Amino acid sequence: MILGVNVDHVATLREARRGIEPDPVMAATLAILGGADGITIHLREDRRHIHDRDLKILREFVPVELNLEMAATKEMIGIALRIKPDMVTLVPEKREELTTEGGLDVKRQKVNLKKAASRIQGAGIPVSLFINPSNDDIAVSGEIGASMVEIHTGLYANANAKNQERELIKVVKAVREASSLGLQSNAGHGLNYPNVKKIAEIEGLRGLYIGHSIISRAVLVGIERAVREMKELINSCKL
Ligand code: PXP
């Protein structure tokens, strides 16, 4: 199972002083040394953390999967087609949110998402849709024609002990449904060191996309070690 490490939070810290450090590109290098199979960045419309320049430099030097998270807008599609990341994850985006709050409304945005996925995939870049763990949304994602989905694990991650099993089952069912439709599935959001194992044990998952918990741990122990420890946890769940 692959681990994609999201380095947006390093850029958030840089933007606290609008300076040049810490550098998300440097963080990506160290994350790769720690075993990251991919680097994820979210280029937001307001450029609140990652800048266009970061994306350009990362594209030039990242030797592992570069996953660009973005909204399905004309501007972002143009950037993706120009920079050519290894994959694009389409996410909903609200200016006022602290982080992505939930999966895409694939039903309501079906036409726009289908158009976006077709343009991006037409350029040879696989598209993943960030969706809630719902069989209906998986079915619509299949109709949209995306190669992959990323199942939102936020509700599982935030659930109290009583409800966590119920939320886990929703993720398991969503992965199963995606496989049955020939869609590859990933998972992410809110995953951390205590809660990752149950998700990493799900059969059929291609990869996990994790940011906040790894960067938080990295602040204390260093990014290379933080990534290595997460990789060890995920690998210990190999079936
Ligand atoms: N996947 C998606 C689509 C996201 O938007 C984010 C947050 O940027 C993540 C995964 C990682 O979430 P977290 O930072 O909570 O690990």
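Each residue of the sequence shown is one higher than the last, beginning at 14 in the numbering used here. Glycine included, C-beta positions come from ideal geometry on N, C-alpha and C. If you're wondering where the values come from, they're calculated on a predicted model, not measured in any experiment.
Checklist entry - Can at least three beta-carbon pairs, one atom from the region 64-80 and one from the region 113-121, be found at a separation below 8 Å? => result Too few Cβ pairs lie closer than 8 Å, so no.
Next on the checklist: Would Tyr-206 and Leu-246 be called neighbours here (beta carbons separated by less than 9 Å)?
Outcome noted: Residue mapping note: residue 206 aligns to position 193 of the sequence shown, counting from 1. Residue mapping note: residue 246 aligns to position 233 of the sequence shown, counting from 1. Cβ distance < 9 Å, so Tyr-206 and Leu-246 count as in contact.
Checklist entry - Among Gly-137, Asn-173, Asn-199, which one has its Cα closest to the Cα of Val-184? => result Walking along the sequence shown from the start, residue 184 turns up at place 171. Checking every option, the nearest Cα to that of Val-184 belongs to Asn-199.
Checklist entry - Going by beta carbon distance, what residues of the same chain come within less than 8 Å of Glu-34, once the five residues before and after it are set aside? => result As a working note, residue 34 is residue 21 in the sequence shown. So the list reads Arg-27, once near-sequence residues are dropped.
Checklist entry - Secondary structure at Ser-249, three-state DSSP: helix, strand or coil? => result Stepping through the sequence shown from its first residue, residue 249 is reached at position 236. Three-state result, Ser-249: coil.
Next on the checklist: Using C-beta distances below 8 Å, list every residue in its chain close to Ile-96, excluding the 5 sequence neighbours before and after it, in chain order.
Outcome noted: The residue you call residue 96 lines up with position 83 of the sequence shown. These residues qualify, in order along the chain: Leu-68, Lys-69, Arg-72, Leu-81.
Checklist entry - Does at least one heavy atom of the ligand PXP sit under 8 Å from the Cβ of Glu-109? => result In the sequence shown, counting from the first residue as 1, residue 109 sits at position 96. No, the Cβ of Glu-109 stays beyond 8 Å of every heavy atom of the ligand PXP.
Item to check | Reference Ile-144; option with closest CA among Asn-176, Val-153, Val-240 | outcome: Looking up residue 144 in the sequence shown gives position 131. Comparing Cα positions, the closest option is Val-153.
Checklist entry - Is the Cβ-Cβ distance between Ala-49 and Pro-37 less than 9 Å? => result Looking up residue 49 in the sequence shown gives position 36. Looking up residue 37 in the sequence shown gives position 24. The answer is no: Cβ separation not under 9 Å.
Checklist entry - For Asn-19, which of Asn-248, Cys-250, Met-243, Lys-251 has the nearest alpha-carbon? => result The residue given as residue 19 occupies position 6 in the sequence shown. The shortest C-alpha separation from Asn-19 is found at Met-243.
Next on the checklist: Quick check: what's the CA-CA separation for Gly-195 versus Gly-224?
Outcome noted: Taking the sequence shown and counting its residues from 1, the one referred to as residue 195 is at position 182. Taking the sequence shown and counting its residues from 1, the one referred to as residue 224 is at position 211. Each residue's alpha carbon lies about 27 Å from the other.
Checklist entry - Pick from Ala-85, Leu-233, Thr-102: whose alpha carbon is nearest that of Tyr-222? => result Here residue 222 is taken as the residue at index 209 of the sequence shown, counted from 1. Nearest neighbour of Tyr-222 by Cα position, chosen from Ala-85, Leu-233, Thr-102, turns out to be Thr-102.
Checklist entry - So does Val-188 have its beta carbon nearer than 8 Å to some heavy atom of the ligand PXP? => result Residue mapping note: residue 188 aligns to position 175 of the sequence shown, counting from 1. At a threshold of 8 Å, Val-188 does not count as near the ligand PXP, since its beta carbon sits no closer than that to any of the ligand's heavy atoms.
Checklist entry - Secondary structure at His-165, three-state DSSP: helix, strand or coil? => result The residue given as residue 165 occupies position 152 in the sequence shown. His-165: strand per DSSP, three-state reduction.
Checklist entry - Given a threshold of 16 other Cβ atoms within 10 Å of its Cβ, counted over all protein chains shown, does Thr-253 qualify as buried or as exposed? => result Since the first residue shown for the chain is 14 and the last is 252, residue 253 is missing from the structure and cannot be characterised.
Next on the checklist: Below 8 Å on the Cβ atoms is my contact criterion, and I expect Leu-16 with Ile-236 to pass it. Report the Cβ-Cβ distance as a whole number of Å.
Outcome noted: To locate residue 16, count along the sequence shown from 1; it is residue 3. To locate residue 236, count along the sequence shown from 1; it is residue 223. The C-beta separation of Leu-16 from Ile-236 comes to about 13 Å, leaving the pair out of contact by the 8 Å criterion.
Item to check | Any non-hydrogen atom of the ligand PXP within 8 Å of Gly-195 CB | outcome: What you label residue 195 is simply residue 182 of the sequence shown in a count that begins at 1. No.
Checklist entry - How far does the alpha helix (DSSP H) with Met-39 in it reach, from first residue to last? => result Taking the sequence shown and counting its residues from 1, one reaches residue 39 at position 26. For Met-39, the enclosing alpha helix (DSSP H) covers residues 37-46.
Item to check | Distance between Thr-53 and Ile-92 (C-alpha atoms, nearest Å) | outcome: Reading the sequence shown from its first residue, position 79 is the one you call residue 92. Reading the sequence shown from its first residue, position 40 is the one you call residue 53. Each residue's Cα considered, the two are about 15 Å apart.
Checklist entry - Exposed or buried, Arg-121, counting other C-beta atoms within 10 Å across all chains shown (16 or more means buried)? => result Reading the sequence shown from its first residue, position 108 is the one you call residue 121. That one is exposed.
Item to check | Ile-228 versus His-22: straight-line alpha-carbon distance, rounded | outcome: Counted from its first residue, the sequence shown places residue 228 at position 215. Counted from its first residue, the sequence shown places residue 22 at position 9. For Ile-228 and His-22, the gap between their C-alpha atoms comes out near 7 Å.
Checklist entry - Three-state secondary structure (DSSP) at His-64? => result On the sequence shown, position 51 is the one that residue 64 refers to. In this structure, His-64 counts as coil in the three-state DSSP scheme.
Next on the checklist: Whole angstroms are fine: how far does the CA of Arg-108 sit from the CA of Asp-59?
Outcome noted: One-based indexing of the sequence shown puts residue 59 at position 46. One-based indexing of the sequence shown puts residue 108 at position 95. Answer to the nearest angstrom: the Cα atoms are 7 Å apart.
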